[in-house]
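Numbering (the numbering used here), first residue to last: -8 to 325.
Backbone N, C-alpha and C define an ideal beta-carbon position, used for all residues, glycine too.
Before any comments, here is the structure.
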C-alpha cells in the first residue's frame, strides 16, 4: 500500500494526501522523476472490497464474453459479412481493449490490497486508454457514415461501401488513434516532476496526471486541445452531420412505415452513441461541478466499464440478424 519514489525526488511517502509546491528550475537539477504512483481507487472501506471485486470481475467477464460473441457471430455467419457488421465487430474489439486497459488492474489491486502502479505501467495504461478510447469514438463516427450511405444512397450502398473503403476507414481510425496516443505520450514523457504521486482514480487518468505535473501548461494544453479535436470534436461533428442528412432524407419519405424502417436501422447505433458520449459528457460535467475526484472516479466507471458491457446487449437485443447468428453459432459450439 505504500508509495515508493526515487531517493532524490521531492515527493516522498509522507506527503500522502497532501500536495507540495513545484520546485524552481535550480532545484530541479538535483531531482529525479518519481518511480511509482498511488491509485486511490473507488473506496477505502475494507468491507466493501469483496463486493467490488465480485462486481467488477463479473462486469469484465460479461463485457469480454459479450463482445467476443459479437465478433465470432459476425465472423462465422456469411449473412453478416456486410459493412455495418464489419464495423460492429471492430467496435466490439475496441471495447474489449478499452475495458481491458483499466479493469483488470483494478481487480488485481483489490485482490492484492495494493494500489501502487509504476511510472512505466502508468504510462502504458494511459497510452492504451487513449488508443482504444479514441478508436471507439472514431468507429462510432464511421458507423454513422455507413448508416448515412445506407439510408440516403441505398441503390449505391454496396458500390460506395466496398470492402476496400471499409478497410481503409478502419485503418484511418486506427492510425488517428495511434497518433493521438503517441502525441499524448510525448507530453507525458516530458513530465519529470509532480506535486504529488496520489492519483484520485482507479486508473491513470490522463487529465489527473497532467494536473499533478510541474510543467508549463501551455504546450500541454495545445496538445490536449489537438487530441480532443481528433478524438472528440471530429467524430461528434461527423455523427451529427450524418444524422442530420439521415433525418432530412427520412422525413421526405411518403409513408410512415418507410420512415420507421429507416429509423429502426439506426436505433442500435444511436443508442450506443448516446450512451458513450452521454456518459462521457456527464462525467466531465460532474467533475466540473462537484469538484470531487473520488466522485469523478465513480462516475468514470459508467463509460469505462458499463458502456462497453452494454454495447453487445444493445446490438443483439435490437437486431434480429445478430440474434439469429448468435443462436446458430452457439448451437454449433454446443
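In three-state DSSP terms, what is residue 84? Residue 84 sits at position 93 when you count from the first residue of the chain shown. If DSSP states are grouped into helix, strand and coil, residue 84 belongs with the helices.
Tell me the DSSP secondary structure of residue 260 in three-state form. For the purposes of this step, residue 260 is identified with residue 269 of the chain shown, where counting begins at 1. Three-state result, residue 260: helix.
On a Cα-Cα basis, can you pick out the residue from 233, 305, 111, 191 that is closest to residue 290? Stepping through the chain shown from its first residue, residue 290 is reached at position 299. Cα-wise, what sits closest to residue 290 is 191.
In this structure, how does DSSP classify residue 19 when only helix, strand and coil are distinguished? Walking along the chain shown from the start, residue 19 turns up at place 28. For residue 19, the pLDDT reaches just 46, beneath the cut-off of 50, and the residue's location in the model is therefore unreliable, although a value from the coordinates is still provided. Helix at residue 19.
Whole angstroms is fine: what's the gap from residue 54's alpha carbon to residue 293's? Position 63 of the chain shown, counting from 1, holds the residue named residue 54. Position 302 of the chain shown, counting from 1, holds the residue named residue 293. Cα to Cα, residue 54 sits roughly 13 Å from residue 293.
How many Å lie between residue 316 and residue 67 at the Cα? What you label residue 316 is simply residue 325 of the chain shown in a count that begins at 1. What you label residue 67 is simply residue 76 of the chain shown in a count that begins at 1. Taking the straight line joining both Cα atoms gives about 8 Å.
Quick one: Cα of residue 175 to Cα of residue 44, how far? For the purposes of this step, residue 175 is taken as the residue at position 184 of the chain shown. For the purposes of this step, residue 44 is taken as the residue at position 53 of the chain shown. The straight-line gap from Cα to Cα measures roughly 31 Å.
Evaluate residue 212 with the Cβ neighbour count: other Cβ atoms within 10 Å of its Cβ, from every protein chain shown; 16 or more gives buried, anything less gives exposed. Here residue 212 refers to the residue found at position 221 of the chain shown. So residue 212 counts as exposed.
For residue 259, which residues in the same chain have their Cβ closer than 8 Å to its Cβ, ignoring the five residues on either side in sequence? Within the chain shown, residue 259 is the residue found at index 268, counting from 1. Excluding sequence neighbours, residue 259 sits near 305, 306, 309, 310.
Status (buried if at least 16 other CB within 10 Å, exposed otherwise) for residue 95: Reading the chain shown from its first residue, position 104 is the one you call residue 95. Residue 95 should be labelled exposed.
Classify residue 30 as helix, strand or coil using the three-state DSSP reduction. Translated into positions along the chain shown, residue 30 becomes position 39. It is a strand residue.
Nearest neighbour of residue 152, chosen from 243, 81, 74 [CA to CA]: Reading the chain shown from its first residue, position 161 is the one you call residue 152. The shortest C-alpha separation from residue 152 is found at 74.
If you run the structure through DSSP and keep just helix, strand and coil, what is residue 109? To locate residue 109, count along the chain shown from 1; it is residue 118. Residue state, collapsed to three classes: strand.
Quick one: grab the DSSP three-state call for residue 224. Against the chain shown, residue 224 aligns to sequence position 233. Here residue 224 sits in helix by DSSP.
C-alpha distance - residue 91 paired with residue 244, whole-angstrom precision: Your numbering for residue 91 matches position 100 in the chain shown. Your numbering for residue 244 matches position 253 in the chain shown. One C-alpha to the other measures close to 43 Å.
Residue 105 versus residue 178: straight-line alpha-carbon distance, rounded: Position 114 of the chain shown, counted from the first residue, corresponds to residue 105. Position 187 of the chain shown, counted from the first residue, corresponds to residue 178. Cα to Cα, the separation comes out at about 28 Å.
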